[in-house]
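Reviewing the structure listed below.
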Amino acid sequence: MIELKTPAEVDRMHVAGRFVAEVLTEVGRLADVGVNLMDLEHHVRGMIKRRGAESCYWDYAPSFGKGPFRNVICLSVNDAVLHGLPHDYVLRDGDVLTADLAVSVDGWTADSARTVIVGTPAEEDLRIIRATEEALEAAIEAARPGNRLGDISAAIWAVAREYGYPVNTEFGGHGIGRTMHEDLHVPNKGKAGRGMQLKPGLTLALEPWFARTTDRIVFDPDGWTIRSADGSRTAHSEHTVAVTEDAPRVLTRREAELGNS
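Going by full-length UniProt numbering, 71 is the number at position 71 of the sequence shown; the sequence numbering is gapless.
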């Protein structure tokens, strides 16, 4: 069932969204050459505990994955792009790191992801990150009442085509609110004018992610970490967005992005 949120409920989701933005900003600041992924995981655990928030990932047990997820943040490196299981890995110069976080504060949830480069950036890595960020902004712009779900998917796909990146449709955006995953799957590829009409109060996690040279994915033996099938590098950008009577409301903007709101 799709639940439209009241303006007051969207405000409560925004509280969670601001905290998610704060944590992802901190992870980006700490991600450096020589830092272990497990140090980042434990740092985020501390932030969540001090805030009195709840991780949406801890004990998460969907149809894929081996057993419940027992971490509070997804950390994916290089060719890994989704559901990266934090493990004993020390970041190296030039690594591409995606951090994905969903938390609940007082019963309302927000979800966001960002990709950063550790140390010295390669131009091709900057390019694919930029593509996901532009695709996310295009998706947000399409999240207006009267538009349809396919308009969001088409907006993401258009940016991917412009950059020359293939698009996987197995994993994409989703509804969000009282829980991390509510009804509605938002593919990162689609046709404008198709699908459900968007209405004020609809809240979505929009998350374009691309691999450089493939639309196929493989799973690590851990059952969680998803990688590009050909080992090419990846990037992922995500925000929680509310459809309103006026402009789309982004609930997980990081402070550095606020000028783009």
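Idealized CB from N, CA, C, for every residue including glycine.
In this text, all values refer to a predicted model and were calculated from it rather than measured experimentally.
- Contact annotation: the segment 107 to 118 touches the segment 8 to 26, with at least three C-beta pairs closer than 8 Å.
- Under the criterion of beta carbons closer than 8 Å, Thr-132 and Trp-224 do not qualify as touching, at roughly 21 Å.
- In the structure shown, Phe-19 adopts helical secondary structure according to DSSP, grouped into three states.
- For Gly-46, there is no enclosing beta strand (DSSP E); the enclosing alpha helix (DSSP H) has its first and last residue at 37 to 51.
- Considered as a whole, the segment 115 to 163 harbours 123 to 142, 149 to 163 as its complete alpha helix (DSSP H) runs of no fewer than 4 residues, in chain order.
- For Leu-91, the closest C-alpha among the options Met-38, Glu-137, Arg-45 is that of Met-38.
- Leu-206 is positioned such that its CB atom lies closer than 8 Å to that of Ala-139.
- Between the C-alpha atoms of Val-243 and Arg-130 there is a straight-line separation of about 24 Å.
- Proximity of the segment 144 to 154 to the segment 183 to 200 meets the contact definition, three or more beta-carbon pairs being nearer than 8 Å.
- Leu-97 is a Cβ neighbour of Val-77, given a cutoff of 8 Å.
- Cβ contact annotation for Asp-222 (same chain, cutoff 7 Å, sequence separation greater than five): Lys-66, Leu-85, in chain order.
- Around the beta-carbon of Asp-100, 16 or more other beta-carbon atoms lie within 10 Å, marking it buried.
- In the assembly as shown, Ile-2 is an exposed residue. Its beta-carbon has fewer than 16 other beta-carbons within 10 Å.
- The Cβ atoms of Arg-233 and Asp-93 do not sit closer than 8 Å to each other.
- Excluding its 5 nearest sequence neighbours in each direction, Ile-217 has C-beta neighbours in its own chain below 7 Å: Asn-168, Glu-170, Ile-226, Arg-227, Ser-228, Ala-229, listed in chain order.
- With 16 or more other Cβ atoms from the protein chains shown falling within 10 Å of its own Cβ, Met-13 counts as buried.
- DSSP, reduced to helix, strand and coil, places Ala-61 outside both helices and strands of the structure shown, so it counts as coil.
- For Arg-29, the secondary structure class from DSSP, reduced to helix, strand or coil, is helix.
- At the C-beta level, Lys-5 and Gly-177 come within 8 Å of one another.
- Counting the other CB atoms within 10 Å of its CB gives Phe-69 a total of 16 or more, which places it among the buried residues.
- For Arg-227, the enclosing beta strand (DSSP E) has its first and last residue at 226 to 228.
- In this structure, the CA atom of Gly-172 is about 12 Å from the CA atom of Trp-157.
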